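Numbering (our numbering), first residue to last: 1355 to 1570. Virtual Cβ for every residue (Gly too), placed ideally from N, Cα, C. From a predicted model like this one, the values you see are computed outputs, not experimental measurements. Heads up: the structure comes next, in structure tokens.
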Amino acid sequence: MKNLVVLISGRGSNLKAIIDAIKDGKIRAKISLVLSNKKDAKGLDIAKENGIKTKFIDPSFFETRRGYDIYIAELIKNENPDLVVLAGYMRILSEEFIDTFEGKIVNIHPSLVPAFQGKDAQKQALEYGSLITGCSVHFVTKELDNGPVIIQAAVPVLPEDTPQSLSERILSFEHRIYPQAIKWILEGRVEVKGRKVLVKGAKYGTIPVNPQLEDF
Ligand code: GRF
């Protein structure tokens, strides 16, 4: 049985989407550990409700980010995970951590990477005036929010959008693409060549996201 370790810092809605996909039999795996750097992360409750082991590791006990990451890397290694899944984990990972799990860490970011990296990506897209944004699942490399992209969903920005309404629209797509990407990886269908990712048997093609064109 394939095994996931999920790192969270908050709400845990992506964690929930992954748990649901496992329950539905769409992903054939288990989550052996959900680890949080925040004590009150709602996602910890979601994990517990689903019988998943949780750990809160308090960063304030560590002098450096590196020290924290070395500690959690040991905990994670003990689980022998096939994939380390960042699901709203709001800490930048140290280089050592990324090296330890090289090619085995994935993240979801609420923009079409490489656009709008870092915090508040949805607000950034809105303020920039983008008409299309979205979400991306990517492998984690030492560049923040910018590793090889496995899947993206394009999401329209509407004139009346607020950061919240746009975030909600994007989130509903996050919940679809994250379990999908994890399934592909665990099935061994994902091949990475430099920055490019090829998913065997996945559909590629056009998407109807340009309604403004209909006026022409
Ligand atoms: C999501 O928007 C995700 O893209 C970003 O952090 C948020 C986490 O939300 N990395 P949740 O905790 O999964 O609900």
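In or out: Pro1562 buried (at least 16 other Cβ within 10 Å) or exposed? exposed
Would you please state the rounded distance, in angstroms, between the beta carbons of Ile1406 and Ile1385? I believe it to be under 8 Å. 5 Å
Supposed contact pair Val1491 and Val1460 - C-beta distance, whole angstroms, cut 8 Å: 6 Å
Can you tell me whether Gln1566 is buried or exposed, with buried defined as 16 or more other CB within 10 angstroms of its CB? exposed
Sort out for me which residues DSSP pairs Phe1410 with in a bridge. Ser1390
Mapping DSSP to helix, strand and coil, what is Thr1454? helix
Beta carbon of Tyr1532, beta carbon of Ile1462: below 8 Å? yes
Going by the beta-carbon positions, is the gap between Ile1362 and Val1388 smaller than 8 Å? yes
DSSP state of Ala1535, grouped into three classes? helix
Taking the continuous alpha helix (DSSP H) assigned at Ile1424, which residues delimit it? Taken as a continuous stretch (DSSP letters only), the alpha helix (DSSP H) holding Ile1424 covers 1419 to 1433.
Alpha carbon to alpha carbon, what distance is there between Ile1373 and Thr1560? 30 Å
Residue from Leu1520, Phe1455, Lys1458, Val1359 with nearest C-alpha to Thr1487: Leu1520
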